[in-house]
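In the working numbering, the protein residues as written are 347 to 620.
What follows is one structure encoded as structure tokens, with my remarks underneath.
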């Protein structure tokens, strides 16, 4: 049987489709032109009412008329001016000598300045710091609950921390070689000569390690308010007490074993309360 050759391309069929498409396009073209010509404007008189099959669009109306502002001043200009005025009033409280700084401290904190306040003020002036007592409000707000904690208990807890920087006689040391501890040690070492004896516990995590109930925090703040007073000058100390060497507390001074929250602890608490 002989090979019939390659199949013939359907050229004739495609030509018919192309011709039909052209005819359809021409019909729509002429139909659109005739409809558009029916809406051409004429020179006949304009009737009192215009009738058209298309809806007439109207401009939006407002119950409250829009009037031009009386002033060209932008609201942000007012905000900037108020902020600058507030900051200028704040800078007027700057203390330029130790007596003024101590008086402002007593007025705002309700206590006498701590030992070493004069040396701290001298250090701040040497480094051109602006001494406005209001600037330290956030620090004292954060430290507020600690005024309600027994000092000896707090020192014991700090001394028994996992990573601790200890300062004795103006010398800072650390019992950990972890890089975060060493970075903090280097920072504190720049001012170690001016610091009293203390143990500084470090948190190795980026988030807080302590979760304290609101009731506990509130009771500590109330305790701080109750003990806030200007003590008699005869009872005011001029120097901090010295502490024993680091990690040398007796067994009776060691804090109880800490109870850390475990995963799912809060969920179980909510289930019990519910």
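C-beta: ideal position from N, C-alpha, C; glycine also.
What is the DSSP secondary structure of residue i, reduced to helix, strand or coil?
i	result
residue 510	strand
residue 547	strand
residue 533	helix
residue 499	helix
residue 304	With the chain represented from 347 up to 620, any question about residue 304 goes unanswered, as that position is not in the structure.
residue 584	coil
residue 574	coil
residue 366	helix
residue 464	helix
residue 428	helix
residue 540	helix
residue 473	coil
residue 456	coil
residue 560	helix
residue 569	helix
residue 440	coil
residue 420	coil
With a Cβ-Cβ cutoff of 8 Å, do residue i and residue j count as a contact?
i	j	result
residue 513	residue 541	yes
residue 434	residue 454	no
residue 583	residue 545	no
residue 567	residue 491	yes
residue 507	residue 538	no
residue 569	residue 461	no
residue 589	residue 458	no
residue 548	residue 530	yes
residue 574	residue 494	no
Counting C-beta neighbours from all protein chains within 10 Å, is the total for residue i 16 or more, i.e. buried, or is it exposed?
i	result
residue 552	exposed
residue 528	exposed
residue 505	buried
residue 572	exposed
residue 520	buried
residue 518	buried
residue 469	exposed
residue 525	exposed
residue 403	Residue placement at residue 403 is poorly supported in this model, since its pLDDT is 44, which falls under 50; the coordinates are not used for a value here.
Would you list the one or two residues that DSSP bridges to residue i?
i	result
residue 519	512
Residue i: which of the options sits nearest, CA to CA?
i	options	result
residue 440	423, 519, 476, 469	476
residue 448	437, 438, 465, 436	465
residue 481	436, 522, 457, 591	436
residue 445	432, 565, 463, 369	463
residue 483	500, 364, 451, 473	451
residue 489	369, 564, 581	564
residue 543	430, 591, 424, 365	591
residue 501	467, 587, 419, 372	587
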